[in-house]
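To convert, note that position 72 of the sequence shown is 72 in the UniProt record's numbering; the numbers rise steadily by one, no gaps. Down below is the structure, laid out as structure tokens.
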Amino acid sequence: MQLPRYTATQIGFHWISALLVLLIIALPYGSGLIFESLLGGRGEVFTLHKSLGVAVLVLTVLRLCYRGRKVPAQALKPEESIAQQRAAKVGHGLLYLLLLVMPISGLMFGSRPFSLFWLVEIGPLPLSSDVRGIAKEVHLISQYLLFALILGHAAIALWHHYVRRDDVLKGMLPFLR
């Protein structure tokens, strides 16, 4: 049974989000190796990190609005077990949740203004140091959950493609018809 493809908009949202998230992850970890010299210092690395985080937040909200109003998510084959169907829904729900929690908690724990893509300065939110501390912990814990979910998401997509030999991965690949 061939599954229907996602729409071009859904595919675009997915891959733009994926690329931005991977860059956001790479920025702090590759800061001293590559990005500081490219961007002009550690502060500029975090300016880009935070700016891309805001972009992911906006993109995720738009993505959820599109998903909720326009086109439902692709369904698994009817013969997939109820457990697999539920696991897929939970996994996607957690990914969306973390794509919202990560940038919001990052904005909440920041105590200094930052320049959004070097265009507009955004001041810190007026929060107590206790709230900032909690937001920082949420951000750090969520980062590891997001790492695990991204790896799981990619592994399951590859499992569908190479083991199950179904069209789940093909349905999300750009440039396929």
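Here a beta-carbon is modelled for each residue, glycine too, at the ideal position from N, C-alpha and C.
How about the segment 123 to 134 and the segment 145 to 155: do they share at least three Cβ pairs that are nearer than 8 Å? Three or more beta-carbon pairs separated by less than 8 Å are not found between the segment 123 to 134 and the segment 145 to 155, which leaves the two stretches without contact.
Where the beta strand (DSSP E) through SER115 begins and ends: For SER115, the uninterrupted beta strand (DSSP E) run begins and ends at 114 to 116, by DSSP.
On the DSSP letters alone, give me the boundaries of the beta strand (DSSP E) that ILE122 sits inside. Counting along the chain, the beta strand (DSSP E) containing ILE122 begins and ends at 120 to 122.
Is it a yes or a no for the segment 96 to 112 touching the segment 135 to 147, going by three-plus beta-carbon pairs under 8 Å? Because the criterion of three Cβ pairs below 8 Å is met, the segment 96 to 112 and the segment 135 to 147 touch.
Is the separation between the beta-carbon of LEU94 and that of LEU145 shorter than 9 Å? Yes, the pair counts as a contact, with Cβ atoms nearer than the cut-off.
How would you label ARG63, buried or exposed, when you count the other beta carbons within 10 angstroms and need 16 or more for buried? Residue burial is scored here from C-beta neighbours: ARG63 has at least 16 other C-beta atoms within 10 angstroms and is therefore classed as buried.
If you drop the 5 nearest sequence neighbours on each side, which residues of the same chain put their C-beta closer than 7 Å to that of ARG69? Contacts found: none.
Please report the straight-line C-alpha distance between ALA26 and LEU48, rounded to a whole angstrom. C-alpha of ALA26 to C-alpha of LEU48: approximately 11 Å in a straight line.
Please state if the CB of VAL54 and the CB of LEU98 are separated by a distance shorter than 9 Å. VAL54 is positioned such that its CB atom lies no closer than 9 Å to that of LEU98.
For LYS50, count the other beta carbons within 10 Å of its own beta carbon; 16 or more makes it buried, fewer makes it exposed. Which is it? By the neighbour-count rule (16 or more Cβ atoms within 10 Å), LYS50 is buried.
For THR60, the three-state DSSP class (helix, strand or coil): Three-state DSSP puts THR60 in a helix.
Same chain, Cβ closer than 7 Å to SER111, neighbours up to 5 away in sequence not counted: Contacts found: PRO124, ARG132.
Between which two residues does the alpha helix (DSSP H) containing PRO28 stretch? Unbroken alpha helix (DSSP H) run through PRO28: 8 to 29.
Which stretch, first to last residue, makes up the alpha helix (DSSP H) that contains VAL168? Going by DSSP, VAL168 is part of no alpha helix (DSSP H) at all; its letter is neither H nor E.
Give me the residue from ALA18, LEU119, CYS65, ARG164 with the minimum Cα distance to VAL56. Checked all of ALA18, LEU119, CYS65, ARG164; the closest Cα to VAL56 is ALA18.
From which residue to which residue does the alpha helix (DSSP H) around SER105 run? SER105: member of the alpha helix (DSSP H) spanning 82 to 109, first to last residue.
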